[in-house]
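Add 10 to the 1-based position in the sequence shown for the numbering used here, that's all there is to it. Working notes, structure below.
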Amino acid sequence: MTQQKKQTVVRKKIAKTFGSASRSYDVSARLQRFSGKHLMPWLPNRNDLTVLDLGSGTGFFTDLLAGSYKKVIGLDFSKEMLHFAAQARDKDISWIEADAHKIPLQDNSIDLIYSNLVIQWCEPLDVAVDEMLRVLKPGGLIIFTTLVDGTLHELKSSWKQVDDDQHVIDFKTEAELAEFFNHDRASVIEHKCQDIVLEYQNVIHLARELKGLGANHLPKKRNRGLSGKDKWFAMTEHYQDFLEPNGIYPATYRLYSGLVVKRNN
Ligand SMILES: C[S@@+](CC[C@H](N)C(=O)[O-])C[C@H]1O[C@@H](n2cnc3c(N)ncnc32)[C@H](O)[C@@H]1O
């Protein structure tokens, strides 16, 4: 199988994982809500824009954007997410089922791309960024969040003491990410990187939330069955090293937010 075909197979699996989470997603989306909202101050203050919400999920933010802009498009590769969104959200929004690596929109047709917690799933990311810059008008903006290296470090290091399998997806470093958006076609105007620490009653609570978010697809995981009970127990024992004095389990999400402009050349 060619590398490209393998990547398409992986993406179909990710879409399926998100799809099966579409109904439980809005209730377990604490991080998504926080990160999506804190992008709001970067949104342009004029309403005659055509906006693409890339990886729109259940359409929560697509709906907010539709309240401010002339034309809003929600794009996602999960049929189930789109189905949920189309039922629940503003009827004027256009929904497109497509992959961020092959956006079915014309060159230079979009003023603003908003994308909340999506591009950590895009592999290869340069192809998705090329597509974003192709559909964006010169001078157009990309306003996005993603997770970078350091995310779920507690879970990663607890598992590391048990086995060497993949239990947490590989996140890019902040420097690697900046390179995708800083070159002759685009530049990062502003960015922020911050640790958001969410609290969980126990590790099962954390695992359920990650599952509810559809974030449990691990391309490099070798043992695809359930981790053995013993392994799971050993991991939770190690996780206790991070326990807060009040008995709460913390999980860190390193959130990168960027405001990018497509150059005029
Ligand atoms: C973590 S959710 C975020 C959803 C939404 N942006 C929000 O803030 O509520 C990620 C979404 O991105 C979609 N997604 C991931 N990779 C994608 C890709 N390559 N093309 C299109 N959609 C993608 C998933 O199906 C999922 O709905």
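Glycine is no exception: its CB is placed at the ideal position from the N, C-alpha and C atoms.
Residues in the same chain with beta-carbon distance under 7 Å from residue i, minus the five sequence neighbours each way, listed in chain order, please.
{"i": "D117", "result": "R144 and V145"}
{"i": "D102", "result": "A76"}
{"i": "E254", "result": "P260"}
{"i": "N212", "result": "Y259"}
{"i": "L135", "result": "I129 and F190"}
Do you know how far the Cα of residue j is from the Cα of residue i?
{"i": "G235", "j": "F243", "result": "The pLDDT assigned to G235 is 48, lower than 50, so where the model puts this residue is not dependable, and the model offers no usable value."}
{"i": "Y249", "j": "K170", "result": "11 Å"}
{"i": "K202", "j": "N126", "result": "14 Å"}
{"i": "Q14", "j": "V137", "result": "11 Å"}
{"i": "A108", "j": "G257", "result": "43 Å"}
{"i": "L53", "j": "I83", "result": "16 Å"}
{"i": "M245", "j": "S119", "result": "49 Å"}
{"i": "L165", "j": "Q176", "result": "11 Å"}
{"i": "D86", "j": "F70", "result": "13 Å"}
{"i": "Q17", "j": "E133", "result": "7 Å"}
Going by DSSP, what residues sit across from residue i in a beta bridge?
{"i": "D205", "result": "R264"}
{"i": "Y126", "result": "In the sequence as displayed, the identity of residue 126 is Asn instead of Tyr. T155, per the DSSP bridge assignment."}
{"i": "S104", "result": "I83"}
{"i": "T210", "result": "Before going on, a small fix: residue 210 reads as Tyr here, not Thr. DSSP, once it has assigned bridges, lists Y259 as partnering Y210."}
{"i": "A196", "result": "H193 and K272"}
{"i": "A120", "result": "At residue 120 the sequence reads Ile, which differs from the Ala that was named. In DSSP, I120 forms a bridge with L146."}
{"i": "K112", "result": "D109"}
{"i": "T60", "result": "K81"}
For residue i, which residues of its own chain have a beta-carbon under 8 Å away from its beta-carbon, when the five flanking residues on both sides are left out?
{"i": "K272", "result": "L143, L146, K147, P148, G149, G150, L151, I152, R195 and A196"}
{"i": "T49", "result": "Note that residue 49 corresponds to Leu in the displayed sequence, not to Thr. Hits under 8 Å: Y124, N126, I153, F154, T155 and S267."}
Excluding sequence positions up to five away, which residues of its chain have a Cβ less than 6 Å from the Cβ of residue i?
{"i": "A96", "result": "W105"}
{"i": "D73", "result": "R99 and D100"}
{"i": "K241", "result": "V172"}
{"i": "L41", "result": "Y263"}
{"i": "F154", "result": "S125 and G268"}
{"i": "L122", "result": "L59, V61 and L151"}
{"i": "K81", "result": "T60"}
{"i": "D205", "result": "T262 and R264"}
Is any non-hydrogen atom of ligand 1 found closer than 8 Å to the C-beta of residue i, if you look at the structure I gave you?
{"i": "H111", "result": "yes"}
{"i": "N57", "result": "no"}
{"i": "S88", "result": "yes"}
{"i": "A108", "result": "yes"}
{"i": "N126", "result": "yes"}
{"i": "R21", "result": "yes"}
{"i": "C132", "result": "yes"}
{"i": "L162", "result": "no"}
{"i": "M142", "result": "no"}
{"i": "D73", "result": "no"}
{"i": "L64", "result": "yes"}
{"i": "A138", "result": "yes"}
Quiz prompt | Sequence ranges, alpha helix (DSSP H) only - wholly within the region 162-191, length at least 4 | solution = 163-170 and 184-191
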